[in-house]
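Visitor: When you line the sequence shown up against the numbering used here, it's residues 1468 to 1854, in that order. Think of the CB as a built atom: it goes at the ideal place given N, C-alpha and C, for glycine as much as any other residue. It should be emphasised that the depicted structure is a prediction, and the values quoted were computed from it without experimental measurement.
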Amino acid sequence: MKKGIQYLLLLLVVVILGVGIFSVARRLTGSPAKSRRENTGTRTETKAADKKDKKEAEATTEKKVDNSVPMTALTVTAPQGYLRVGKDMQLSIKTEPAEATNTDLEWTCSKEGAVTVSGDGVLTPNEGAEKNTVTVTAKATDGSGLEQSFDLRILPAIDPSKPMVAITFDDGPKPETTNAMLDALEENYALATFFCLGQNVGYYPDVVKREYELGMEVGTHTFSHQQLTALGAEALDQEISKAVKANEDALGVKPSLMRPPYGSANKTVLQAVKGYGLCCMNWSLDTEDWKTKNADATYKMVMTATDGDVILLHDIHEYNVDAVKRFVPDLMAAGFQLVTVSELYENRGETLDPGTIHFRTDPTTESAGETEAASTEDGAVSATTAP
Ligand code: NI
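#1: Distance check for PRO1727 and LEU1658, CA to CA, integer angstroms please.
#2: Would you check if the stretch 1682-1701 and the stretch 1659-1667 touch, i.e. whether three or more CB-CB distances between them fall below 8 Å?
#3: When the Cα atoms are used, what is the spatial distance from VAL1552 to GLY1595?
#4: From the DSSP output, in three-state form, read off TYR1743 for me.
#5: In whole angstroms, give me the CA-to-CA distance for LEU1649 and ASN1733.
#6: How many Å lie between ARG1504 and VAL1532 at the Cα?
#7: For VAL1685, count neighbouring C-beta atoms within 10 Å of its own C-beta (all shown protein chains included) and say buried if the count is 16 or more, exposed if not.
#8: How would you call GLN1804, buried or exposed, if buried means at least 16 neighbouring beta carbons within 10 angstroms?
#9: Suppose contacts are defined by Cβ-Cβ distances below 8 Å. Is THR1831 in contact with SER1628 by that definition?
#10: Mark VAL1589 as exposed unless 16 or more other C-beta atoms lie within 10 angstroms of its C-beta, in which case mark it buried.
#11: What first and last residue would you give for the alpha helix (DSSP H) that runs through GLU1680?
#12: Using the Cα positions of ALA1697 and ILE1560, report the straight-line distance between them to the nearest angstrom.
#13: Helix, strand or coil: which one does DSSP assign to ASP1704?
#14: Distance cutoff 8 Å, beta carbons only. Does TRP1574 sit that close to anything in chain B?
#15: Please list the terminal residues of the continuous beta strand (DSSP E) segment that includes TRP1757.
#16: How would you write the range of the beta strand (DSSP E) that GLU1614 sits in, first residue to last?
#17: Is any heavy atom in the ligand NI found nearer than 7 Å to the beta carbon of PRO1728?
#18: Measure the C-alpha to C-alpha separation of PHE1617 and ALA1651 and round it to an integer number of angstroms.
#19: For LYS1792, which of helix, strand or coil comes out of DSSP?
#20: What is the rounded straight-line gap between the Cα of ASN1714 and the Cα of LYS1676?
#21: Report buried or exposed for VAL1788, applying the criterion of at least 16 other Cβ atoms within 10 angstroms of its Cβ.
#22: Among residues of its own chain, excluding the 5 on either side of ASN1593, which ones have a beta-carbon nearer than 8 Å to its beta-carbon?
#23: By a C-beta neighbour count over all protein chains shown, 10 Å radius and 16 as the cutoff for buried, is THR1602 buried or exposed?
#24: Inspect the beta-carbon positions of ILE1783 and GLY1639 and report whether they are closer than 8 Å.
#25: Measuring from the CB of GLY1612, is there a heavy atom of the ligand FAD at a distance below 7 Å?
#26: What is the DSSP secondary structure of MET1799, counted as helix, strand or coil?
#27: Where does ASP1571 land, buried or exposed, given buried means 16+ other C-beta within 10 angstroms?
#28: Shorter than 7 Å, the distance from the beta carbon of ASP1782 to the closest heavy atom of the ligand NI, or not?
Spelled out as structure tokens, the structure:
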């Protein structure tokens, strides 16, 4: 009986141990095995999805390389030959025939990474691409061999929180001097505004075109430099209308800014220019170049500029060429952004409405100070009249 109890106890121990070992074994093998199976299942599913994606991708690729109707013509047109970092440009892309099966283009740039072109032809100059002139090429991918290239000057982005000035030139164009000044501006990727005399635009349209193509703003300085406030209604209208036409004939666009000769304007003048969509733009810093006739004196005057200034010069004087060559890089080195009048106003959130008169933008930096506009060009008249 005693022995029987011992056997029973031993059996019980064996049973308990057995259950314990089984349960541990289940835990060790059962659950992980299940989990592994699940994992394997997921991987298999992923693989299947990958395969499906790949097949779809292949199908898309096959669709893209359907070159059965190749292009016969490709025309890519950039609206202008320059662009600022921070501003996009919509290119015009035309392909023929309309039923071409593959009109995808491959875009390349002579400076890698300088620009990005989207599928619908929006060109973006990338940061760090400024102060470069690049060649952008669009190439057909349908085997037709069609391609087209265009050059693009990339100007630095404008930072509205930093100092900027608008350099302005009156009385031109005059090929020898205007072109030399344009060279200096072009070399430095700087912009300026040219208030041209209509009659000179007629004589030298190529110089005006060059100004425009480089991104300079081309305004008008009337047709023949009359003092507008002294003119009768008809003569006043002629001075403005002939000037507007001269710009339009040369450039295909009408000016939006007019600098009245001697800065002389009154309500009648403002009303007259309003009818032509023009705004009067005078100046806040007169270099008095016409008086000093000296490159060093002009240079020194320009270097006194403060943020928001509109600086008056004349591009018809030989003695100004050296001044421009010196002050353009030096103003930039001093931290000034050299922008057009319209860029200056746009970046300062100020408007240039037709029929209004302006002198400078409000400063946004401490260096700037208000300058009284005085009209002394040619020493004739000193009066700028508010509207
Ligand atoms: Ni003038």
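Guide: In short, the structure shows the following:
#1: For the purposes of this step, residue 1658 is taken as the residue at position 191 of the sequence shown. For the purposes of this step, residue 1727 is taken as the residue at position 260 of the sequence shown. Going from the Cα of LEU1658 to the Cα of PRO1727 covers about 21 Å.
#2: Under the three-pair Cβ rule at 8 Å, the stretch 1659-1667 counts as touching the stretch 1682-1701.
#3: Taking the first residue of the sequence shown as position 1, residue 1552 is located at position 85. Taking the first residue of the sequence shown as position 1, residue 1595 is located at position 128. Taking the straight line from one Cα to the other gives about 8 Å.
#4: In the sequence shown, counting from the first residue as 1, residue 1743 sits at position 276. Taken through DSSP and simplified to helix, strand or coil, TYR1743 comes out as coil.
#5: Within the sequence shown, residue 1649 is the residue found at index 182, counting from 1. Within the sequence shown, residue 1733 is the residue found at index 266, counting from 1. As the crow flies, the alpha-carbon of LEU1649 is around 32 Å from that of ASN1733.
#6: The residue labelled residue 1504 in the question sits at position 37 within the sequence shown. The residue labelled residue 1532 in the question sits at position 65 within the sequence shown. Because ARG1504 carries a pLDDT of 36, less than 50, the predicted location of this residue cannot be relied on, and the following value inherits that uncertainty. Going by the C-alpha atoms only, they are around 41 Å apart.
#7: Counted from its first residue, the sequence shown places residue 1685 at position 218. Flag for VAL1685 reads buried.
#8: Residue numbering aside, residue 1804 sits at position 337 when the sequence shown is read from its first letter. Here GLN1804 is buried: its Cβ has 16 or more other Cβ atoms, across all protein chains shown, within 10 Å.
#9: Translated into positions along the sequence shown, residue 1831 becomes position 364. Translated into positions along the sequence shown, residue 1628 becomes position 161. In contact: THR1831 and SER1628 (Cβ atoms closer than 8 Å).
#10: Working through the sequence shown from its first residue, we reach residue 1589 at position 122. The residue in question, VAL1589, is exposed, as its Cβ has fewer than 16 Cβ neighbours within 10 Å.
#11: Against the sequence shown, residue 1680 aligns to sequence position 213. According to the DSSP assignment, GLU1680 belongs to the alpha helix (DSSP H) that extends over 1672-1680.
#12: Here residue 1697 is taken as the residue at index 230 of the sequence shown, counted from 1. Here residue 1560 is taken as the residue at index 93 of the sequence shown, counted from 1. ALA1697 and ILE1560 have their alpha carbons spaced roughly 50 Å apart.
#13: On the sequence shown, position 237 is the one that residue 1704 refers to. Assignment of ASP1704 by DSSP, reduced to helix, strand and coil, places it in the helix class.
#14: Any reference to chain B falls outside this structure, which holds one protein chain only.
#15: Reading the sequence shown from its first residue, position 290 is the one you call residue 1757. No beta strand (DSSP E) holds TRP1757; the alpha helix (DSSP H) holding it covers 1756-1759.
#16: As a first step, residue 1614 is located in the sequence shown; it is residue number 147 there, counting from the start. Looking at the DSSP string, the run of the beta strand (DSSP E) that includes GLU1614 is 1614-1622.
#17: Start at 1 with the first residue of the sequence shown, and residue 1728 comes out as number 261. Taking 7 Å as the cut-off, one finds at least one heavy atom of the ligand NI near enough to the beta carbon of PRO1728.
#18: In the sequence shown, counting from the first residue as 1, residue 1617 sits at position 150. In the sequence shown, counting from the first residue as 1, residue 1651 sits at position 184. Each residue's alpha carbon lies about 23 Å from the other.
#19: For the purposes of this step, residue 1792 is identified with residue 325 of the sequence shown, where counting begins at 1. It is helical.
#20: For this step, residue 1714 is matched to residue 247 along the sequence shown. For this step, residue 1676 is matched to residue 209 along the sequence shown. Rounded to the nearest whole angstrom, the CA to CA distance from ASN1714 to LYS1676 is 9 Å.
#21: The residue given as residue 1788 occupies position 321 in the sequence shown. With at least 16 other beta carbons inside 10 angstroms of its own, VAL1788 counts as buried.
#22: Here residue 1593 refers to the residue found at position 126 of the sequence shown. Once the five neighbours on either side are set aside, the close Cβ partners of ASN1593 are VAL1552, GLY1580, ALA1581, VAL1582, THR1583.
#23: Counting from one through the sequence shown, the residue named residue 1602 turns up at place 135. By the beta-carbon neighbour count (other beta carbons within 10 angstroms, threshold 16), THR1602 is exposed.
#24: On the sequence shown, position 316 is the one that residue 1783 refers to. On the sequence shown, position 172 is the one that residue 1639 refers to. Yes.
#25: The ligand FAD is absent from the structure shown, which contains only the ligand NI.
#26: Within the sequence shown, residue 1799 is the residue found at index 332, counting from 1. Per DSSP, reduced to three states, the secondary structure at MET1799 is helical.
#27: What you label residue 1571 is simply residue 104 of the sequence shown in a count that begins at 1. In summary, ASP1571 is exposed, with fewer than 16 beta-carbon neighbours lying within 10 Å of its beta-carbon over all protein chains present.
#28: The residue you call residue 1782 lines up with position 315 of the sequence shown. No, since every heavy atom of the ligand NI falls outside the 7 Å radius drawn around the Cβ of ASP1782.
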